[in-house]
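In my numbering, the protein residues as written are 1 to 749. Glycine residues also receive a C-beta, built at the ideal position from the N, C-alpha and C atoms. Keep in mind that this is a model prediction, so the values were computed, not measured.
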């Protein structure tokens, strides 16, 4: 293996000059051709004030070719002025057309001509206001010295900046919790241990041609690590601790962070080529008689090699080697490897990850469609089989704003709607009766979609009770295991989807709900590709009980929001191993750390302590709730009075009859349609009047239609402060953008 690393350096001596010249010429020709297709051009100066870290640059993305057409890998890079705060640059944009754009803060990773042959753009932060900035087509230029300087993330009296997503890089998280460090020396056991993580490039570390070779002892020294970090901001290492003061990701301190018994710490590394990087954990303690300002003592180190990270998630136990090269303890680390989606590329035109309209509160969400249909007591069960197209349609027809359903993969990697991880299959031909000898329990993941549809399959409750619950499977909409794509295509597009991703959880006793699951990156990529390709403008929220699933969905795409499901403190269900799942405060810390929309909590927790509603809202999060306690009209009204944004409950067609309503998204779609019809009528009337007037010129300038009063609409963008800084609507965004309506709210600046 070492010889392979050393020999790779030979590729660096290959001549790249001619190849680069040809590539540059091709790009210039394509650029000239594309610019020519945009008509007359004008110079436009971009100026923005933004705080950046070392190695970060401010860029512009927009709908013109020079701004990259919203593609993250083709952003227009600005230059930092001498003042060290203002970024500026001049680009050519179409002359007589309004051009939308956004600012973003990026890290530019230059090619090494070894494994990475092209420049990579890493989006660190970007503006996500509901509507992009706009270059007016009526303005000839802004090249005057006194032109206005923009402020990053803030315009139209609103402010929204979000962290980026994975474009080409891989994110690796290392989690330390549940007393992960075990030291064998008695004098070290009761003293706080500080941990710092540093990626080590194995090719460079083992190359004989390295510019500044150093022995192992020097490579692990604190001084050399800090020097390397200051000179090269890539890879990026950040830390998050699950408490109110430290939950947002930030750079590490010089000596790392102390690990307490109850701490939950996440180190996150963003990098390319993780297979050639190891991860060095350095451990420090302060001397028993240390004075103020005295640095801690380096007591040892531990390596996590890339060969250990074989799957998308797992756990490793590594020895801690002391400074005298003797083992002094061990460290247990849980890891998560998050890769970007290869088949679908997200652009920067819009983002819905933190969008929530001010009027969206007290929404009704149909649990598994029209409700759970396999409970012990028949009177509590829904009349339609859960997680079927019929069940979803029933809930939608009775005013459900969202329909919630569970999704997992079949053996042939097709996302299907089903709640439980296992089913019973009949070993005989389909019969009305159930015998004791003809039932076999099998995981859903071990059956193909065709088998799920053709075999006689029973729910676990049916198999245990030997009593079939439904006999209408011959009707298409009542068939179990509909595909996610089918649901997206068949259901009314104004019906919101709350897609719960099913994944096995580790319980506190160490057991798992399901063993030998799919690879986690593959599992999520398949689901996300279906949603990104077939969702259209539908309002969609992802949710999951597994915090790592939430992390991965947030990192893999920039379009749809994520809700973290938590059961909190309860005796109804066995507790989970992960501390982030065990209480509402921990769920809040995790959601803020990740930058997701909000949390979905167990109602029992809120009924016991309703002050936790304020805790969630003060953190700027959206709050859903779930649980059997919700299946009561009085409780639902109480929860709405507490200010919850959405309540998930069963039998929405029965419980909600007294207060029958239409889905809020359907009402908004109808209102948007009225606005568009009215705007078109006004435009036609105006054009009719103009056609009757004699024209003084021989041509007419064609412009995009302006339907509404823009000055008025700007004032309506921020109608007031809200309890949450997450804002704005989804389904009406595109329609409103075309007719000039701005019925959404962003965080006031």
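* Distance between residue 398 and residue 662 (C-alpha atoms, nearest Å) -> 7 Å
* Burial state of residue 416 (16 or more Cβ within 10 Å) -> Flag for residue 416 reads buried.
* Asked: If you check the beta carbons only, do residue 540 and residue 501 fall under 8 Å apart?
  -> no
* If you draw a straight line from the alpha carbon of residue 551 to that of residue 162, how long is it in whole angstroms? -> 15 Å
* Near residue 414, which residues of its chain fall below 7 Å by C-beta distance, leaving aside the five closest residues on each side in sequence? -> 449, 483
* Asked: To which residues of the same chain is residue 595 closer than 8 Å at the C-beta, ignoring the five residues directly before and after it?
  -> Residues of the same chain with a CB within less than 8 Å of the CB of residue 595, apart from the 5 flanking positions on each side, are 162, 163, 353, 354, 554 in chain order.
* Candidates 140, 63, 100, of which the one nearest residue 40 by Cα -> 140
* **3 or more residues per run - each beta strand (DSSP E) lying fully within the segment 546-623** => 562-566, 598-602
* To do: Give the secondary structure of residue 634 by DSSP, where H, G and I count as helix, E and B as strand, and everything else as coil.
  => helix
* Asked: Where do the ends of the alpha helix (DSSP H) carrying residue 489 lie?
  -> 484-490
* Expressed to the nearest angstrom, what Euclidean distance is found between the alpha-carbon atoms of residue 671 and residue 412? -> In a straight line, the C-alpha of residue 671 is about 42 Å away from that of residue 412.
* To do: For residue 444, name the three-state secondary structure that DSSP assigns.
  => helix
* Own chain, CB closer than 8 Å to residue 274, minus 5 neighbours either side, in chain order -> The beta carbon of residue 274 sits closer than 8 Å to the beta carbons of 170, 172, 306, 309, 337 from its chain, once the five residues preceding and following it are set aside; these are given in chain order.
* Mind checking residue 247: buried by the 16 CB within 10 Å criterion, or exposed? -> buried
* Below 8 Å between beta carbons: does that hold for residue 402 and residue 496? -> yes
* To do: Output yes or no for whether 8 Å exceeds the beta carbon distance between residue 362 and residue 392.
  => no
* **Per-residue burial, residue 674 [other beta carbons within 10 Å of its own, 16 or more giving buried]** => exposed
* To do: Output the distance between the C-alpha atoms of residue 222 and residue 182, rounded to the nearest integer angstrom.
  => Its pLDDT being 45, under 50, residue 222 is placed unreliably by the model, and the measurement read from it follows with that caveat. Rounded to whole angstroms, residue 222 to residue 182 spans 22 Å at the Cα level.
* Asked: What are the boundary residues of the alpha helix (DSSP H) that residue 298 is part of?
  -> Here residue 298 belongs to no alpha helix (DSSP H); instead the beta strand (DSSP E) covers 297-304.
* Cα-Cα, which of 135, 268, 441 is closest to residue 63? -> Taking only the C-alpha atoms, the option nearest residue 63 is 135.
* **Among 109, 526, 572, 78, the one whose alpha carbon lies nearest that of residue 232** => 109
* Grab me the residues of residue 47's own chain with a C-beta within less than 7 Å of its C-beta, minus the 5 sequence neighbours each way, in chain order. => 86, 88, 147, 149, 150
* Asked: What separation, rounded to the nearest whole angstrom, lies between the Cα atoms of residue 558 and residue 514?
  -> Answer to the nearest angstrom: the Cα atoms are 29 Å apart.
* Asked: Nearest to residue 750 by CA position, among 404, 130, 480, is which residue?
  -> Residue 750 lies beyond the stretch modelled for the chain, which goes from 1 to 749, so this question has no answer here.
* To do: Any chance you could list the beta strand (DSSP E) runs of at least 3 consecutive residues sitting entirely within the segment 130-173, in chain order?
  => 133-135, 161-163
* **residue 521 and residue 564 closer than 8 Å at C-beta** => no
* Asked: For residue 531, which of helix, strand or coil comes out of DSSP?
  -> The answer is helix: DSSP assigns residue 531 an H, G or I state.
* Asked: Does DSSP put residue 339 in a helix, a strand or coil?
  -> coil
* What's the C-alpha gap between residue 82 and residue 168? -> 31 Å
* To do: Rounded to whole angstroms, what's the CA-CA distance from residue 238 to residue 669? Just pull it up for me.
  => Cα to Cα, residue 238 sits roughly 42 Å from residue 669.
* To do: Within 10 angstroms of the Cβ of residue 373, are there 16 or more other Cβ atoms? Answer buried if so, exposed if not.
  => With 16 or more other Cβ atoms inside 10 Å of its own Cβ, residue 373 counts as buried.
* Asked: How is residue 240 classed by DSSP in three states: helix, strand or coil?
  -> strand
* **Residue nearest to residue 335 in terms of C-alpha spacing, selected from 365, 177, 351, 165** => 177
* Under 8 Å, do residue 382 and residue 650 count as touching if we go by C-beta distance? -> Yes, Cβ-Cβ distance for residue 382 and residue 650 is below 8 Å.
* Could you spell out the range, first to last residue, of the beta strand (DSSP E) harbouring residue 282? => 277-285
* Closest by CA to residue 272, which one among 316, 390, 202? -> 202
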